[in-house]
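So the working numbering is basically just the index in the sequence shown, starting at one, shifted up by 284. Don't be surprised by glycine CBs; every beta carbon is placed ideally from N, CA and C. The structure under discussion appears below in the form of structure tokens.
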Amino acid sequence: MVISPLIWAEGTVSAEKPAQSEYTVGIDDVLEISILQPEKLITTVAVAPDGSISFPYIGNVQVEGMTLSQIQNEIQAKLAEGYMKYPVVSVFLRESRSRKFFVYGEVVRPGSYLIKEKVTVLKAISMAGGFTKFGSSSRVKVLRPKKDGPGYETIKVNIRAVMDGDSEADIILQPEDIVVVSEGIF
């Protein structure tokens, strides 16, 4: 039995794609959309506050909550409805701006920050300028939106343990997480 390297390579490529293809687009995300055939057109668009993008030939397309492959199929179908015979469309995430977390309380620069890569609680506090003179490393928590309804799950984080080398104590933040640094008790 002979196994073609092309079959193996094809399996490898598809195994690496789910992270990008499973991403759901949100408001303010920036997409690069290319039409490769029959005409070459490459455009960069930001998702509007109403969750749509505007695209040549077809106008507004609602994309919020869709995966990149769903957007690709939607644009391709709309173009094929009368504008182009066999359009070849690709959609890439140029910049994620909808994946935010928040840092509040006793940090130098409280506010919202973008998740561009894995962000842990310690890194989030660092991005926010670190603790103020009143901030307590033993009074840090993450408020994580509940998946099954309104409200938050509270996760206490021991930053002292993290700084002492316990990397498991430093949790990875998810979109919409809120890091709260409380004032120390004196």
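In DSSP terms, what residue i is bridged to
i       : result
Gly-389 : Val-465
Phe-376 : Glu-316
Pro-429 : Tyr-436
Thr-416 : According to DSSP, which records beta bridges pairwise, Thr-416 is partnered with nothing at all.
Val-424 : Val-441 and Val-465
Gln-346 : Ser-336
Ile-455 : According to DSSP, Ile-455 bridges with nothing at all.
Nearest residue (CA-CA) to residue i, options the options
i       : options                               : result
Val-331 : Leu-315, Gly-435, Asp-454 and Glu-306 : Leu-315
Arg-444 : Arg-383, Glu-437 and Asp-454          : Asp-454
Asp-450 : Leu-457, Ile-456 and Asn-442          : Asn-442
Glu-390 : Lys-400, Glu-467 and Glu-379          : Glu-467
Lys-402 : Glu-437, Arg-383, Asp-312 and Val-329 : Arg-383
Val-481 : Thr-351, Ile-337, Phe-415 and Ala-361 : Residue 481 cannot be examined here, being either before or after the span of the chain that is shown, 285 to 470.
Lys-417 : Lys-425, Asp-461, Pro-371 and Ile-469 : Ile-469
Arg-423 : Tyr-367, Val-465 and Ile-326          : Val-465
Ile-399 : Glu-379, Arg-393 and Gly-413          : Glu-379
Val-347 : Glu-437, Thr-308 and Gln-458          : Thr-308
Tyr-397 : Pro-371, Ile-439, Ser-318 and Leu-457 : Leu-457
Secondary structure of residue i, DSSP reduced to three states
i       : result
Arg-381 : coil
Gln-321 : strand
Asn-442 : coil
Leu-398 : strand
Glu-358 : helix
Thr-327 : strand
Lys-369 : coil
Val-405 : helix
Ser-305 : Residue placement at Ser-305 is flagged as unreliable, the pLDDT there being 36, under the threshold of 50; the coordinate-derived value follows with that caveat. Three-state result, Ser-305: helix.
Exposed unless 16 or more other CB atoms sit within 10 angstroms - verdict on residue i
i       : result
Ser-305 : Low local confidence applies: a pLDDT of 36 at Ser-305 is under 50, so the model's placement there is unreliable, with the coordinate-based value given in what follows. With fewer than 16 Cβ atoms within 10 Å of its Cβ, Ser-305 is classed as exposed.
Met-447 : exposed
Asp-334 : exposed
Val-463 : buried
Pro-249 : Residue 249 lies beyond the range of the chain shown here (285 to 470); nothing can be said about it.
Val-392 : exposed
Leu-320 : exposed
Phe-385 : buried
Interface flag, residue i vs chain E, CB-CB below 8 Å
i       : result
Met-368 : Protein chain content of the structure displayed is limited to a single chain, and chain E is not contained in it.
*asked:* Three or more C-beta pairs under 8 Å: does that hold for the region 425-435 against the region 354-371?
replied: no
*asked:* Tell me whether the region 334-342 and the region 397-410 touch, counting them as touching only if at least three CB pairs, one residue from each stretch, are closer than 8 Å.
replied: no
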